[in-house]
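S.K.: Mind the numbering: the sequence shown is residues 1 to 330 in full-length UniProt numbering, read in order.
One structure is given below, represented as structure tokens, and several questions about it will come after.
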Amino acid sequence: MSAATDRLSRLLALVPWLRAHPGIPLPAAAEAFGITPRQLRDDLDLLFVCGLPGGAPGDLIDLSYSGDRITVADPQTLDRPLRLSVDEATALVVAARALADVPGLAGREALDRALEKLEKAVGAAGSVAGQVRVSLDTHAEVLAAVQRAVRQRRRVHLRYLVWSRDELTERDVDPMRVLVREGHWYLEGWCHRAEAVRLFRLDRIDGPGGVEVLDVPAAPPPGAVSRDTSEGIYRPGPADVRVVLELASPARWVADYYPVTGVRELPGGRLEVTLHARETSWLHRLVLGLGADVRVVEPPGLAAQVHALARRALAAYGLDAPAGGAGGER
């Protein structure tokens, strides 16, 4: 457990514990939590500026530790059990079941106990949650292999599909972590081919045979730093082309497969997606393949390029291009 995660768990437990032990001496409280009095003072100083949204004095946790005795006057609901709505509890049940399907999950017994309690609390709604299954869109054997490589700190060899070039590549990677974002699993590691930290989406690894755990220690260089993914996996570069596509209902899968940066629902089940690309040859193939199920909104040059490719392909078969053409205005 990281220091930040460990501290957050302690802070959440600290308020109700102090409410149950009013006036306890600071050294005794620090000993109960296995930390130094200085660490506890730092925790209390942080709690003092925490609370409900708004940040006004009445919204913050009110505590004091004058004379080395701690008193919590206003815990801002942290001393009361969390109450979930039926919808919130059902969503937690579904998420917990999805998590339970992850191979090699640490703390599985604790998760099973928590899930059992949630299902009892939800009651009849639990039967509805039981009919829902969440797929994290990856092969279990691939996920198990990369998790093992991270645990054992061993290098992996990947056969990996680069979506922007539609190219199957071979590369050695020193794993750093496995993470899930927006329903997809990723391996982050030092790629020896790119000589940089890269994220590899596991469903783009070429099946279970596309990952091999090598008998070589993983040794990312000291400067290898994990990417901040809080604002999304894909970050467009300054030279990337902004592309907007309008997708008919049968083509909505594009938003799940490609790293789109914007999605907007349209009438009739259509979807507008925004994505960025360093080069557009793969977009030509995508738009041509989707045919009448896609319309290029921008840039105008992309639609013209697709029209030219479609006309060239049809001419090779002795056919005339229809008005509008692939990816054009309708």
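We put the CB at the ideal spot given by N, CA and C, even for glycine.
Between L115 and the rest of its own chain, which residues show a CB-CB distance below 8 Å, the 5 nearest in sequence each way excluded?
M.R.: Cβ within range, chain order: V93, A96, R97, A100.
S.K.: Indicate whether the contact test is met: 3 or more Cβ pairs, each with one atom in the region 243 to 251 and one in the region 267 to 276, closer than 8 Å.
M.R.: Cβ pair count under 8 Å is three or more, so yes.
S.K.: Since L275 sits in a beta bridge, which residues does DSSP pair it with?
M.R.: Partner(s): V243.
S.K.: Which residue marks the beginning of the alpha helix (DSSP H) containing R151, and which one marks its end?
M.R.: Run containing R151: 140 to 152, per the alpha helix (DSSP H) assignment.
S.K.: Name the DSSP beta bridge partners of S64, please?
M.R.: Bridge partners of S64: T71.
S.K.: Taking contact to mean at least 3 C-beta pairs separated by less than 8 Å, is the region 190 to 206 in contact with the region 140 to 148?
M.R.: Yes, the region 190 to 206 touches the region 140 to 148.
S.K.: In the DSSP assignment, the beta strand (DSSP E) including D228 goes from what residue to what residue?
M.R.: First-last for D228: undefined, no H or E at that position.
S.K.: Mind checking who R198 pairs with in its DSSP beta bridge?
M.R.: Paired residues: G189.
S.K.: For the 8 Å Cβ check, are there 3 or more pairs between the region 210 to 227 and the region 155 to 169?
M.R.: Because the criterion of three Cβ pairs below 8 Å is met, the region 210 to 227 and the region 155 to 169 touch.
S.K.: Which residues bound the beta strand (DSSP E) around P221?
M.R.: Counting along the chain, P221 falls outside any beta strand (DSSP E), and DSSP gives it neither H nor E.
S.K.: Can you tell me which of the three DSSP states V296 falls into?
M.R.: V296: strand per DSSP, three-state reduction.
S.K.: Which residue from L12, E195, D45 puts its Cα closest to that of L26?
M.R.: The shortest C-alpha separation from L26 is found at D45.
S.K.: Can you look up E182 in the DSSP assignment and give me helix, strand or coil?
M.R.: In the structure shown, E182 sits in coil (DSSP, three-state: anything other than H, G, I, E or B).
S.K.: With distance defined between alpha-carbon atoms, name the residue in P175, L199, R193, D174 nearest to Y186.
M.R.: Nearest C-alpha to Y186: L199.
S.K.: Give me the Cα-Cα distance between V142 and V294, rounded to the nearest whole angstrom.
M.R.: V142 and V294: Cα-Cα distance of roughly 33 Å.
S.K.: Going by DSSP, what residue range makes up the alpha helix (DSSP H) through R38?
M.R.: Residues 37 to 47.
S.K.: For D174 and R155, what's the separation of their Cα atoms in angstroms?
M.R.: Cα to Cα, the separation comes out at about 5 Å.
S.K.: On the DSSP letters alone, give me the boundaries of the beta strand (DSSP E) that V254 sits inside.
M.R.: Per DSSP, V254 belongs to no beta strand (DSSP E); it is in the alpha helix (DSSP H), 254 to 257.
S.K.: In or out: E188 buried (at least 16 other Cβ within 10 Å) or exposed?
M.R.: Buried, since its Cβ has 16 or more Cβ neighbours within 10 Å.
S.K.: DSSP state of T169, grouped into three classes?
M.R.: Three-state result, T169: strand.
S.K.: Which of the three DSSP states, helix, strand or coil, is assigned to L319?
M.R.: If DSSP states are grouped into helix, strand and coil, L319 belongs with coil.
S.K.: Considering only C-alpha positions, which residue in the set W163, A219, H184 is nearest to D172?
M.R.: For the residues W163, A219, H184, the minimum Cα distance to D172 belongs to A219.
S.K.: In the structure shown, what three-state DSSP assignment does V15 receive?
M.R.: Helix, per DSSP.
S.K.: Helix, strand or coil: how does DSSP classify D6 here?
M.R.: In this structure, D6 counts as helix in the three-state DSSP scheme.
S.K.: Look up G232 in the DSSP assignment and say whether it is helix, strand or coil.
M.R.: Correct three-state label for G232: coil.
S.K.: With a 10 Å radius around its C-beta and 16 neighbouring C-beta atoms as the bar for buried, classify V150 as buried or exposed.
M.R.: Buried.
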